[in-house]
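First residue of the sequence shown? That's 13 in my numbering, and the numbers climb one at a time after it. Every residue, glycine too, gets a C-beta built ideally from N, C-alpha and C. A short write-up of the structure that comes next.
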Amino acid sequence: MSKAPGTTLEAIASAKAKLAEELKKLEEQEVKLMEEEASSAFANVSELLNRFGHFFSAKQKSEIANHFNATSSTGKKSSGSRKEVAQKYWLPHTQETWSGRGRTPRAFAAWEGSAAYKEWKAAHPDEKFPKFPG
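Following this line, the structure appears as structure tokens:
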């Protein structure tokens, strides 16, 4: 494998460092320009709201307010990302499982009143139901 003239690891590292520094300067310039444009845009928006705000309907005003609430950094957490809860108990004879959260399932409540439960409970006095083998 032949090297291109002037390509060494040191040269590549030096070029990467120069590019990283240049990128950092460009990002700082970008932030500064965005802040300046945001200041100008705020002045324009304020003027428009002062001129036309009283013509807006309640729904339009609500939409404007919701726009800012939706983009805030302290928004609600998504409730759609629930973790699956590990099973804690099971009934060996039916293979039904229960996490131990919420109301006791009917199968567990029915088994709790049976002779098989009483026999199992006598052998396992400190447990509520058989532990899930997992």
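So, are the CB atoms of residue i and residue j less than 8 Å apart?
| i | j | result |
| --- | --- | --- |
| F144 | F120 | no |
| Q99 | G146 | yes |
| P104 | W110 | no |
Can you list, in chain order, the residues of its chain with a C-beta nearer than 6 Å to that of residue i? Leave out the 5 residues immediately preceding and following it.
| i | result |
| --- | --- |
| L21 | none |
On the DSSP bridge list, what partners appear for residue i?
| i | result |
| --- | --- |
| L103 | E108 |
| K143 | Y101 |
For the putative contact between residue i and residue j, defined by C-beta atoms under 8 Å, what is the C-beta separation to the nearest angstrom?
| i | j | result |
| --- | --- | --- |
| E108 | W102 | 7 Å |
Would you tell me roughly how many angstroms separate the C-alpha atoms of residue i and residue j, rounded to the nearest one?
| i | j | result |
| --- | --- | --- |
| E47 | S69 | 31 Å |
| F80 | S74 | 10 Å |
| E34 | E42 | 12 Å |
| A134 | A127 | 11 Å |
| G114 | E131 | 25 Å |
| T19 | S26 | 11 Å |
| A50 | E59 | 14 Å |
| A38 | I24 | It should be noted that the sequence gives Leu, not Ala, for residue 38. Their Cα atoms are separated by approximately 21 Å. |
| T106 | P137 | 22 Å |
| K36 | N78 | 35 Å |
| N62 | E40 | 33 Å |
Could you tell me whether any Cβ in chain D is nearer than 8 Å to the Cβ of residue i?
| i | result |
| --- | --- |
| W132 | Among the chains of the structure shown, chain D does not appear; only one protein chain is present. |
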